[in-house]
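Residue numbers 879 to 1028, in this note's numbering, belong to the letters of the sequence shown in order.
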Amino acid sequence: MREFTFDPEPFRVKRFQPFSESTLGSVLLARADDRVLAEKVALVFLDQRGAEEQRFTCRSLAEQCLRVAGALRKLGAQNQKTVVLSFASQWQFVVTFYACQLVGAIPVPIAPPFTSAQLPSKLRQIEELASRTQAIAIVTDKLLLAPFLG
């Protein structure tokens, strides 16, 4: 198992304030804009073998989230609209979750199917969830879409 050390320096800085922003998205943007925190590692994702798959600093995570937020806005995601999220990729889920926060949408997560045999029933669950929540979109990754893309 890989260990990551805690960097206490941002907490020693006199001007550091507890989170006062109203959403996770605004917290992320504030950290990405902070000289001390912008290049600090925010998230590290490991693959099933424990090898690093994806690493984000506060700034790189914010930039990725803003790109996805722009795409969500084009789909009609806005204040209080729901968006269903189903991703096999953990880092893509996190980026899209934050992007929903940035546009004011309500992310509604549902686990993807874990086997191909689960795919038909999971797709029905996702469709039912989207209908019940009046979601404006279902956002997923290529793994879930692969059976439909041929």
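Heads up, the beta-carbon is just placed ideally off N, CA and C, and yes, glycines get one too. Only a predicted model underlies this, so the values are computations on that prediction, with no experimental measurement involved.
Asked                                                                                                        : Found
Beta bridge counterpart(s) of Ile1014 as assigned by DSSP                                                    : Answer by DSSP bridge pairing: none, since Ile1014 is not bridged.
Cutoff 6 Å; reference Ala983; Cβ partners in own chain excluding five residues on either side                : Ala955, Lys959 and Val961
Three CB pairs or more closer than 8 Å across the region 967–976 and the region 932–942                      : yes
Sheet register partners of Ile1004 (DSSP bridge)                                                             : The partner list for Ile1004 (beta bridge, DSSP) is empty, contrary to what the question assumes.
Reference Ile1014; option with closest CA among Glu1005, Ser999, Phe923 and Gln926                           : Glu1005
Three-state secondary structure assigned by DSSP to Lys1020                                                  : helix
Ala940, buried or exposed, once every other Cβ within 10 Å from all chains shown has been counted against 16 : buried
Alpha-carbon spacing of Gln1003 relative to Lys1020, whole angstroms                                         : 18 Å
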